[in-house]
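Beneath this line is the structure, given in structure tokens, with notes to follow.
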Amino acid sequence: MGAKAPNPARWPFTTLPLAITNLLIPISILIFATGFFPYKPFLPGLAEFEVLDSGPPPQAPFNKLVFVVIDALRSDFVYSQESGFQYTQSLIRDGVAAPFTAYARSPTVTMPRLKAITTGSIPSFVDLILNIDEGDKSSALAAQDTWLAQLKTKDTGKLLLYGDDTWLKLFPDFFDRHDGTSSFFVADFTEVDNNVTRHIDGELRNNDWSLMVLHYLGLDHIGHKSGPRSSHMVPKQQEMDSIVRAIYEAISSENNLESTLLVVCGDHGMNDAGNHGASSPGETSPALLFLSPKLKGITPAYKAPVLPKNEFDFYSEVEQSDIVPTIAALLGFPVSKNNLGAFIPEFLPFWSSPRDKIQILVRNARQILNVVTAAFGTELFDTDSSTDPCQLERTAINELACDWLFITQRAQTLNAENTIDQEWLDSTSRWIRKAQDLMSNMASNYDMPRLYAGLTLAIIAAIIAVAASFAQGTLKSHTALPLLLISLFYGSMMFASSYVEEEHHFWYWATTLWLAFLGAQSIRRSGKMSSGGWCLVALLAARITRSWNQTGQKFAGEPDVVKLFVNRYPSALWIIIIVMYGIIWFQMLPSLESIPSIAATSSTSVLISSAFTFKLAFTAADAPELVVGFAKTLNDKFEGQSLLWRARVVFIVLGLLSAFAIVRGVAGGRHARLATRLLHELITIFAMTQSRAANVPIFLLAHIVYCAIDAKQMTSADITTSCILFQYASFFASGGSNAISSVDLSSAYNGVAGFNVVVVGVLTFVSNWAGPLYWTSASTILLLDKYRVGERAVFQQHVALLTVFSTASAAFVMAACTAMRTHLFIWTVFSPKYLYAMAWNIAQHLLVNIGLGGALFWLGTR
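Numbering-wise (UniProt numbering), the sequence shown opens with residue 1 and increments by one.
As structure tokens, then:
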């Protein structure tokens, strides 16, 4: 059948206002982002030792540093009873290892944390975005003062790096010898670490270096793939413990290493799901250890293993930025200019002279004072000033200046007497912490004109969207009222941090009320209670869906269906998965009626079998505890190709069948209807492939709800409302949240051999928005059903209402971030929410709902 001329009413943009509105969405979001996530200013140049009355800088006890970062090394992984770090614990008991819990501020991802560890400053939240792009060079620290720059300037040996190539991005041309590894290939637990370890023995025998950085990634990858309780976790800890043993024993026995300090730390921790990025105790509590035979008698011998004082608080808690001034003193170079960290006082016994101890703390305090006065001015802190800050109104900065007078005056007295007292030590430590907290909690240097410009454009876009919807009559109908109420209530929630953290409850309850409302409407129309039976089925499916994964902050670790049912009865999980693949298979076959039966059966069989066997093999590697019984027997029988090629086979067959569906759909007529049905099933398979096995049953529950909905009895506004509600509910039910830590990277490299920012970005998005992707496709099928009964403008109305919600939600989030920019939780709650708003409005709304949905609708109306 020949192709028909396209009907303009079938296109999403038949009016200029809607086109302008959707163009304004990304523009407003990006303008606001550039003002909300600016780079913080820093003091330029390298620090030099100030000339003090107390004499030259104290002699450093170490001249070499081995700095080992074990990515996501949560404190309990080293210090608890269940730890695999048995040798390291023996060193703690022997008093040659000083253990700490280092508080890592949000965002708890690698690049910002490495910036804190090397500069001592509080990184900008924009580093969270830059952390994702492995090709980014704009975040380099080459021009900033770091302890690596100080060591390079000191020129006592070469600088070496083996491990995470984030270091090479941060410090280009710094390292004399290096071998970087990609931090995003999370499917690899072993090679990524073996590539680091293979360099250690040879370098320990070399005597030409002063710094060796080793950054291990395997433990973090295990967390992302299967969580902190994975069967792989303790063996990986034992492997890392053997690395500590090898390095420490070399330091203890080799003459060229006798003045070498070994530091072992995590850049961040992980939550109970194995992820990180937010501010939960597990994510902000990495371990930190200083190890050397020279510590014997300097620091006390501690009991190991121990119980935490709180959930993850073992031994003394320090700030992660405290690493910077501590290393500076222990290796004998100035503290970095932008540092906000405090020297860890447990190491003061390295210096016997009271003058040396005073000087170390005074130099640290004066360096932080330079950061404070750069922000607040010098007058209050000038000891010769006529203004007495102790007599002024009690504010944080005035108290800091008052305490500074006491510290400096008392230090002069103690220097003259060559004594030191505990009161001064405590006062100085408190002053440094106060200054640290003041500068850390200061509002960022927001670009307010950009914030207001972005917000204004978003409000204009919302107004145009509402006006366009009224002009086409969409908002005049009472059926659009629920969507308007949802937009209003959702927007008002954005101004409360607790509601943002627990946003999923809003969507769960709204979805439940909506299904009940649709059921009541059906009963009212028919006059029969039996017509509401489908509503009960849909409500039951929705209730199970919302309990599938606990999410949010307050109850993230509470029991859910996955913990109580899936993990206990994995065989039942695979039965459900097989049922879902079977349903898709039987629904695909009628869509291929235009080709020979044997070809249709063969092609769909190849797709379903390859998708299922990949899911089985992937889960066996990712979460082997779920592949037991008959599932393990099946997996053993299908053992063969690598996961890389299994995934590629799935994607290739999906691509071929999608191309076939598009070609047949362009022909128009009955072929178009069958093509869109086929594409819906293919999209579902793609979404399932990118989801964890434990979440595949959510698609079966979604299919039940989809089948229960009768498009003919619903208006276009009803379908749009359902689309939005089911998209958000499925996102949270799959484990999503407004915290960066819930981003699932486990399937980001399916079918990919190396890092490609576009491919990995798409796969990561689909992995996390698999549920919303399904409901975009399903809603389009419902809209096509309405179109075929005569409602020609249904998709245009759908796009108009989607745009109303999108623009309103974006404007509310921007307004909340602007109003709450000085809020305590701006970086832990509101900033991550803005990043998610960017994903929802640019990727999901523009690319998926309008782009993909529009393409499916156009194809279905040929």
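Built from N, CA and C at the ideal position, the CB exists for glycine as well.
**Study point:** Closest Cα partner of LEU204 within the set VAL66, LEU291, GLY282 and ALA278
**Key:** VAL66
Practice item. Evaluate the contact criterion for the region 732-739 versus the region 252-269: three or more CB pairs, one atom per stretch, below 8 Å. Key: no
Point to revise | Buried versus exposed call for CYS390 [16 or more other C-beta atoms within 10 Å across all chains shown] | key: exposed
**Study point:** Host beta strand (DSSP E) of VAL318 (start-end)
**Key:** 316-319
Check your understanding: Excluding sequence positions up to five away, which residues of its chain have a Cβ less than 8 Å from the Cβ of GLU48?
Key -> PRO334
Exercise for review: Return no unless some Cβ of chain B is closer than 9 Å to the Cβ of LYS158.
Suggested key: No chain B appears in this structure, which consists of one protein chain only.
Practice item. Go through its chain and collect everything with a Cβ distance to THR153's Cβ below 8 Å, but skip five positions before and after it. Key: LEU46 and PHE333
Practice item. Counting only runs of 4+ residues fully inside the region 69-121, write out the alpha helix (DSSP H) ranges in chain order. Key: 75-79, 86-94 and 110-119
Review point. If you draw a straight line from the C-alpha of ILE459 to the C-alpha of ASP145, how long is it?
Key: 42 Å
Exercise for review: Run the CB neighbour count on MET688, radius 10 Å, all protein chains shown included, and call it buried at 16 or more, exposed below.
Suggested key: buried
Check your understanding: Under 9 Å, do TRP548 and LEU725 count as touching if we go by C-beta distance?
Key -> no
Review point. Just curious, the beta strand (DSSP E) that LEU515 is in, first and last residue?
Key: Here LEU515 belongs to no beta strand (DSSP E); instead the alpha helix (DSSP H) covers 504-526.
Review point. Would a C-beta distance cut-off of 9 Å place LEU484 and VAL804 closer than the cut-off?
Key: yes
Check your understanding: Under the rule that 16 or more other beta-carbon atoms within 10 Å means buried, what is VAL579, buried or exposed?
Key -> exposed
Point to revise | Backbone CA spacing between GLU625 and ASP636 [nearest angstrom] | key: 15 Å
Practice item. With distances taken Cα to Cα, identify the nearest neighbour of LEU159 among LEU219, LYS64 and GLY227. Key: LYS64
Review point. So what's ARG546 in DSSP terms, helix, strand or just coil?
Key: helix
Review point. Does the beta-carbon distance from PHE830 to LEU784 come in below 9 Å?
Key: no
Review point. Based on Cα-Cα distance, which residue from ALA246, PRO349 and VAL318 lies nearest to ALA329?
Key: PRO349
Review point. What residue from ASN207, MET240 and ALA659 has the CA that sits closest to VAL196's CA?
Key: MET240
Exercise for review: Return helix, strand or coil for VAL650, following the three-state DSSP convention.
Suggested key: helix
Check your understanding: Going by beta carbon distance, what residues of the same chain come within less than 7 Å of ILE27, once the five residues before and after it are set aside?
Key -> LEU457
Review point. Which two residues bound the contiguous beta strand (DSSP E) that contains ALA60?
Key: Looking at the DSSP string, ALA60 is not in any beta strand (DSSP E), and its letter there is neither H nor E.
Review point. How many whole angstroms separate the CB atoms of PHE314 and ARG74, which I take to be in contact at a CB cut-off of 8 Å?
Key: Not really, about 10 Å apart at Cβ, beyond 8 Å.
Check your understanding: Would SER316 pass as a contact of GLY341 if the rule is Cβ separation under 9 Å?
Key -> no
**Study point:** Three CB pairs or more closer than 8 Å across the region 614-625 and the region 660-677
**Key:** no
Point to revise | Where the beta strand (DSSP E) through ARG177 begins and ends | key: 177-181
Practice item. Evaluate the contact criterion for the region 426-438 versus the region 397-413: three or more CB pairs, one atom per stretch, below 8 Å. Key: yes
Review point. So PRO305 packs on SER80, CB below 8 Å; how close in whole Å?
Key: 6 Å
Review point. For the region 566-584 against the region 518-536, are there 3 or more C-beta pairs whose distance is under 8 Å?
Key: no
Check your understanding: Given 8 Å as the limit, is there contact between the region 670-681 and the region 583-603, that is, 3 or more CB pairs closer than that?
Key -> yes
Check your understanding: Between which two residues does the alpha helix (DSSP H) harbouring VAL804 extend?
Key -> 794-819
Exercise for review: Give the secondary structure of MET212 by DSSP, where H, G and I count as helix, E and B as strand, and everything else as coil.
Suggested key: strand
Practice item. Could you pull the start and end residues of the beta strand (DSSP E) that LYS158 belongs to? Key: 158-164
Check your understanding: What do you get for VAL213, buried or exposed, if any count of 16 or more other CB atoms within 10 angstroms of its CB means buried?
Key -> buried
Check your understanding: DSSP on PHE381, reduced to helix/strand/coil?
Key -> helix
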